[in-house]
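Report on the structure given below.
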Amino acid sequence: MLSAVIACFVIGYVVIVFEHPLRLDKTVPALLMGAICWALLSLGFNSGALDVVDSYGQLFSMGGHGVDHLSDAAHHDAEHGFTGTLLHHLGKTAEILIFLIGAMTIVEIVDLHRGFDILKGWISTRSKKKLLWIVGILGFILSAIIDNLTATIVLVTLLRKLVPDREQRIWYIALIVIAANAGGAWSPIGDVTTTMLWIGKRVSTAGLIEYLIIPSLVCFAVPFLFASFMKPFQGNLVTPELESDEGVPVSEERLLSSKTMLFLGLGMIVFVPIFKTITHLPPYIGMMLSLGVVWLVSEYIHPEEDFTEERKAAYSAHKALSRIEMSSILFFLGILMAVAAIETVAVGEVGALRAVAESLDAVIPNQDIVIMILGFLSAIIDNVPLVAASMGMYDLGAYPVDSKLWHFIAFSAGTGGSMLIIGSAAGVAAMGMERIDFIWYFKKIAWLAFVGFAAGAAVFLLIENVFNTAG
16 MLSAVIACFV IGYVVIVFEH PLRLDKTVPA LLMGAICWAL LSLGFNSGAL DVVDSYGQLF
76 SMGGHGVDHL SDAAHHDAEH GFTGTLLHHL GKTAEILIFL IGAMTIVEIV DLHRGFDILK
136 GWISTRSKKK LLWIVGILGF ILSAIIDNLT ATIVLVTLLR KLVPDREQRI WYIALIVIAA
196 NAGGAWSPIG DVTTTMLWIG KRVSTAGLIE YLIIPSLVCF AVPFLFASFM KPFQGNLVTP
256 ELESDEGVPV SEERLLSSKT MLFLGLGMIV FVPIFKTITH LPPYIGMMLS LGVVWLVSEY
316 IHPEEDFTEE RKAAYSAHKA LSRIEMSSIL FFLGILMAVA AIETVAVGEV GALRAVAESL
376 DAVIPNQDIV IMILGFLSAI IDNVPLVAAS MGMYDLGAYP VDSKLWHFIA FSAGTGGSML
436 IIGSAAGVAA MGMERIDFIW YFKKIAWLAF VGFAAGAAVF LLIENVFNTA G
């Protein structure tokens, strides 16, 4: 039965990779994979063929002969353990989805009010190379403040205004994924994995910034330096202005609420980590509050525009909700629940992912190499369970807060995902919003992400092993 669960995951992953040749939306195999993996896991568990492990490392089993040979109390405990594990993983997945829905809705509300036209007006260059560096630096900085996922959503929306040609635009967006993941690695709120390590008291805010900002800068700058000499970023952009019915260029049309909604929207997203710090509540609660505030303002700001009720509806949050990529939300649901099923399957007395991590540690004695492999794996498998497994592998007593180990895990898991388009939340969001082909990204961008990851890792190890040791 274990083989069936793993086979289901592998087949589903392959179908996702080849979604364009198969002409099948990636959401379909993701949902099927998530549901079937858990169905197989449940059948195997209830028949006694599989054991499961919850997030606290507790093993639940129906025994080798299945449910009929268990006492009522033992059966209840085992069944409750399985159900509780499923609900736990669904809850963790829902946290990500609610956060994503809130962020995407706020961005769409700002876009409906033409708020990003304000940013567009600040970027006057038509040079493809200069634009690459401008949006890259924006992605690197924004991702550290509002997380790599939200920064990617904001910049994809901005690039739709700046680069009308989709074939040209996806090159910029692919590089933004690299910049956003690099920027998120040195901030405790920049990536879900760094947040996990921060909340788990493995790293501190000051420690992350001190030890990871230079490697992260290298991870961002090296790919962009190489890309600057590539053909897609040579020359100038051709951006013909669209005209309205009155003959006025659309980009010159302004709403009185454009600037207000831009700063309110971005400000409320930035407020989320502040809210978390003050209340110690999960980030999705702060995002719910931020969305509520932006929605409230958007309902009452239009009388100053002297709009009719019909025209106000075109700028409402309801309209924004209809524009978000629900297929991307469902893709996240399927893929994260499928990974959770693999994490839950017991191999011996630990989960399958934990077993893989321990095997790597036993086979490869050099810890730095193990963590770099973790970075490569994070491009294939969701980095959240990988980081969770690594947190369980290494004892906090042996590796205290801000040890080299935890910083390297934060860097590798955060930036390694850039090597595949589905290897990070930022990549998945970009893939969903612009329908970027997996194979195209692998052929054109993966090597750039690898070069950046390798360069950043080398700089990190040089600083830690040479300068810090010498000091």
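The opening position of the sequence shown corresponds to residue 16 in my numbering, with each subsequent residue numbered one higher.
Glycine included, C-beta positions come from ideal geometry on N, C-alpha and C.
Keep in mind the model is a prediction, meaning the values are calculated, not measured.
Close-in-space but distant-in-sequence residues of the same chain around residue i (CB under 6 Å, 5 per side omitted)
i: T220; result: P203
i: F423; result: I386
i: M276; result: V125, H128, G130
i: S243; result: K144
Helix, strand or coil at residue i [DSSP, three-state]
i: S231; result: helix
i: S142; result: strand
i: E267; result: The predicted model places E267 with a pLDDT of 47, which falls under 50 and marks its position as unreliable; any figure quoted below should be read in that light. E267: helix per DSSP, three-state reduction.
i: N251; result: strand
i: V365; result: strand
i: G81; result: Because the pLDDT of G81 is 48, which lies under 50, any placement of that residue in the model is unreliable, and the question is left without a value.
i: F475; result: helix
i: V416; result: coil
i: F244; result: coil
i: L346; result: The question names Leu, but residue 346 is Phe in the sequence shown. F346: helix per DSSP, three-state reduction.
i: P20; result: Checking the displayed sequence, the identity of residue 20 turns out to be Val instead of Pro. Reduced to three states, the DSSP call for V20 is helix.
i: D260; result: Bear in mind that a pLDDT of 39 at D260, under 50, signals an unreliable position, so the model cannot answer this.
Residue i to residue j span [Cα, whole Å]
i: M283; j: L17; result: 45 Å
i: A159; j: N196; result: 9 Å
i: G363; j: T100; result: 18 Å
i: A440; j: L232; result: 20 Å
i: G27; j: V20; result: 11 Å
i: H103; j: W213; result: 20 Å
i: A370; j: H95; result: 24 Å
i: N398; j: G438; result: 8 Å
i: I478; j: K107; result: 35 Å
i: C52; j: I185; result: 33 Å
i: G390; j: G429; result: 8 Å
i: V265; j: K176; result: Because the pLDDT at V265 is just 45, under 50, the model does not fix this residue reliably, and the value given afterwards should be weighed accordingly. Taking the straight line joining both Cα atoms gives about 11 Å.
i: Y456; j: V443; result: 12 Å
i: W310; j: P36; result: 40 Å
i: A22; j: G467; result: 32 Å
i: V43; j: L55; result: 18 Å
i: L463; j: A194; result: 11 Å
i: I379; j: N251; result: 49 Å
i: L392; j: G431; result: 8 Å
i: I384; j: E373; result: 13 Å
i: F453; j: L174; result: 20 Å
8 Å Cβ shell around residue i - same chain, five flanking residues per side excluded
i: E314; result: S331, A332
i: D69; result: F75, G96, G99, T100, H103, T359
i: A445; result: T167, V171, I188, A189, I191, V192, I436, I451
Sequence-distant residues of the same chain with beta carbon closer than 7 Å to residue i, five excluded per side
i: A470; result: V233, C234, V237
i: I396; result: V354
i: G447; result: E340, S342, S343, F346
i: S513; result: Outside the modelled stretch of the chain, which goes from 16 to 486, sits residue 513, for which no answer is possible.
i: I161; result: I284, V285
i: G215; result: M406
i: K41; result: I31, E34, F346
i: L375; result: V385, I388
- Query: Can you find at least 3 beta carbon pairs, one from the stretch 40-50 and one from the stretch 345-355, that sit closer than 8 Å?
  - Reply: yes
- Does the stretch 414-422 touch the stretch 128-143, meaning 3 or more C-beta pairs lie closer than 8 Å? no
- Entirely within the stretch 141-212 and at least 4 residues each: give me those alpha helix (DSSP H) ranges in chain order. 143-161, 163-177, 181-199
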